[in-house]
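What follows is one structure encoded as C-alpha cells, with my remarks underneath.
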Amino acid sequence: MKKRKGFLFSFIFSLQLVFLACASFLNLSADNNVLENPPEIKDRLSEIPADAVKVSPETDLQPPLLISSEFENPVPLSEGVNTAGAEDSPFILPDGKTLYFFFTPDVKVPVEQQVSDGVTGIYVSHLTNDSWGIAERVMLQDPGKLAGDGCEFVQNNFMWFCSAREGYTGMHWFTAEYANGLWTNWELADFDPDYEVGEFHISSDGTELYFASERQGGVGGLDIWVLNNVNGKWQDPINLSVVNTNDFEGWPALNPQGDELWFSRNFGIWRSKKVAGEWQEPELIISPLAGEPTVDEAGNLYFVHHYYKDNEMIEADIYVAYRK
17 MKKRKGFLFS FIFSLQLVFL ACASFLNLSA DNNVLENPPE IKDRLSEIPA
67 DAVKVSPETD LQPPLLISSE FENPVPLSEG VNTAGAEDSP FILPDGKTLY
117 FFFTPDVKVP VEQQVSDGVT GIYVSHLTND SWGIAERVML QDPGKLAGDG
167 CEFVQNNFMW FCSAREGYTG MHWFTAEYAN GLWTNWELAD FDPDYEVGEF
217 HISSDGTELY FASERQGGVG GLDIWVLNNV NGKWQDPINL SVVNTNDFEG
267 WPALNPQGDE LWFSRNFGIW RSKKVAGEWQ EPELIISPLA GEPTVDEAGN
317 LYFVHHYYKD NEMIEADIYV AYRK
C-alpha cells in the first residue's frame with residue numbers, strides 16, 4: 017500500500033514537479049533568451065506516442081467512485097478535451113461553457129524535454145451544442161522563448177498562471193489579459209514570498225484568496241490557507257484549520273456562489289460548506305484517484321482522474337459529475 021501511495025503522491029504533485037524542474041532548466045538571463053531552434057506550435061495529438069492506448073471507463077482498473085448522492089456518476093469529457101495523453105489541472109468558467117486545462121502528451125518523458133516539445137502547456141475548449149470543441153493552445157510566451165506554464169486561474173478577463181520561463185530564475189506567478197480573442201500583456205504578479213502561495217482560487221468578489229502551501233505553521237505537510245484583501249492589499253495568511261489534517265490538503269476551489277470550498281485530500285475530492293459565515297467539517301465526495309476540483313455556477317463538478325496500471329501512471333483525463 018505504501019508503494020502504491022508513493023506512486024500516486026508523485027503524480028498528484030507532477031505538475032509542481034514539472035515546473036520546479038523547468039525552473040532549473042530555464043535558469044537563463046534575460047539577455048540570453050532566444051533559442052537557436054525555437055519549438056514550433058504543433059497539433060498536440062502529434063506528440064502522443066503512437067503506441068499509447070486510450071483508457072476508457074470500461075477498461076479503467078480504478079474508476080472514480082461517487083460517494084455523494086447529490087451528483088450523477090462521473091463521466092469523462094469528450095475527445096475534444098481528453099486524449100491518450102495527460103489532461104490535468106482543469107478550470108471551468110462559471111457558465112460551464114469554457115474549460116481551461118494543462119496537457120502534456122507523454123507522462124514518461126522527462127520534464128526538461130516536455131517544456132520544449134511544442135505542445136505541453138495550457139489549453140482551452142469551448143462547449144457548443146453539448147459537445148466540447150477541439151482544445152486550442154493558450155500561448156503565454158513570446159515566439160522563440162521557452163516557458164513551462166500551468167496552475168491557471170481565470171476570472172473575468174484576467175488569468176493568473178505559474179510559470180518557469182526564460183529571463184527569470186525559479187517559478188513565478190504571472191497574469192495575462194484577454195483582449196480581442198487573445199491572451200496578452202502577461203506580466204510578473206508574484207505574491208509576498210513569505211506567503212509561499214501555491215495553486216489558488218480567488219473568491220468572486222475578490223476579497224479572499226484560498227491557496228495550498230507547505231509553509232510553516234500548518235497542520236500537515238500541505239495545508240489550505242486564506243488571504244483576506246483589505247483596501248487592495250493581501251493580509252497575512254490564515255490557516256484554514258477546519259479542513260486541514262496531517263494528510264495533504266491542496267488545490268482549493270470555490271464555487272461561484274462562495275459557499276462551497278472544494279479541495280483534494282488523500283487521493284479524493286472533498287467539500288466544505290459555509291454555514292453562517294463559517295466553514296464546516298468537510299465531506300468526501302469522489303474517490304479514488306481524483307483531484308483538482310473545479311465547479312461551475314450550476315454546481316457541476318469537474319476534476320482530473322488519473323489512470324494507473326501496475327503502480328505506474330499512464331495518463332489522465334478530465335471528468336465531470338453533474339449536479340442532480
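As numbered in my numbering, residues 17 to 340 make up the sequence shown, in order.
Cβ coordinates follow ideal geometry from the N, Cα and C atoms, glycine included.
- Query: Can you tell me where the alpha helix (DSSP H) with Q171 in it begins and where it stops?
  - Reply: Careful: Q171 lies outside any alpha helix (DSSP H), inside the beta strand (DSSP E) at A163 to Q171.
- Count the C-beta pairs between the stretch 147-163 and the stretch 206-217 that are closer than 8 Å, then say yes if the count reaches three, no if not. no
- Mind checking who T359 pairs with in its DSSP beta bridge? The first residue shown for the chain is 17 and the last is 340, placing residue 359 beyond what the model contains.
- Message: Going residue by residue through the stretch 301-338, where are the continuous beta strand (DSSP E) segments of at least 3 residues, counting only ones entirely within it?
- Response: Scanning the stretch 301-338 from its first residue to its last, the whole beta strand (DSSP E) runs of 3-plus residues come out as 306-311, 317-325 and 328-337.
- Item | Opposing strand residues paired with E103 [DSSP bridges] | F119
- Task: Take G222 and list the residues in its own chain whose beta-carbon comes closer than 7 Å to its own, dropping the five residues that flank it on each side.
- Result: Residues N245 of the same chain have their beta carbon placed closer than 7 Å to that of G222, with the five preceding and five following residues left out of the count.
- Task: Pair every Cβ in the stretch 87-97 with every Cβ in the stretch 153-173, then say whether three or more of these pairs are closer than 8 Å.
- Result: no
- Message: If I follow the unbroken alpha helix (DSSP H) through V127, where does it start and stop?
- Response: V127 to Q130
- Query: Taking the alpha-carbon positions, what's the V50 to G234 distance?
  - Reply: Unreliable positioning characterises V50 in this predicted model, as indicated by a pLDDT of 39, which lies under 50. The coordinate reading is nonetheless provided below. Whole-angstrom Cα-Cα distance: 41 Å.
- Message: Assuming A151 is part of the beta strand (DSSP E), what are its boundary residues?
- Response: Counting along the chain, A151 falls outside any beta strand (DSSP E), and DSSP gives it neither H nor E.
- Task: Go ahead and label G266 buried or exposed: buried means 16 or more other beta carbons lie within 10 angstroms of its beta carbon, across all protein chains shown.
- Result: buried
- Whole angstroms is fine: what's the gap from S309's alpha carbon to S105's? The sequence as given places Pro at residue 309; Ser does not occur at that position. When rounded, the distance between both Cα atoms is 8 Å.
- Three-state class that DSSP yields for E63 in the structure shown: helix
- Query: Could you give the residue range of the beta strand (DSSP E) that holds F227?
  - Reply: In the DSSP annotation of this structure, the continuous segment of the beta strand (DSSP E) that includes F227 starts and ends at E224 to S229.
- Item | N- and C-terminal bounds of the beta strand (DSSP E) containing E203 | L198 to L204
- Item | A46 versus I330: straight-line alpha-carbon distance, rounded | Low per-residue confidence applies at A46: pLDDT is 39, beneath 50, and the placement is therefore not dependable enough to give any value.
- Residues in its own chain within less than 7 Å of M339 by CB, not counting five upstream and five downstream? One point to set straight first is that residue 339 is Arg, not Met, in the sequence displayed. Answer for R339: E86, F87, A314, G315 and N316, listed in chain order.
- Item | Beta-carbon spacing of I108, I301 below 7 Å | Against a cut-off of 7 Å, the Cβ pair of I301 and I108 comes out as no contact.
- Task: Can you tell me the Cβ-Cβ gap for I334 and Y318, rounded? I've got them flagged as a contact below 8 Å.
- Result: 6 Å
- Closest Cα partner of I336 within the set E74, T136, R60 and L81: Per the sequence shown, the amino acid found at residue 336 is Val instead of Ile. It is L81 whose Cα lies nearest to the Cα of V336.
- Item | Alpha-carbon to alpha-carbon, Y184 and A195 | 25 Å
- Item | F216 versus A269, N262 and D263, residue with shortest Cα-Cα distance | Looking at the Cα atoms, A269 is the closest of the given residues.
- Query: How would you write the range of the beta strand (DSSP E) that P90 sits in, first residue to last?
  - Reply: For P90, no beta strand (DSSP E) run applies, since DSSP gives it neither H nor E.
- Message: Tell me the rounded alpha-carbon separation between L225 and S219.
- Response: 6 Å
- Quick one, which of Y139, V311 and Q251 has its alpha-carbon nearest E276's? V311
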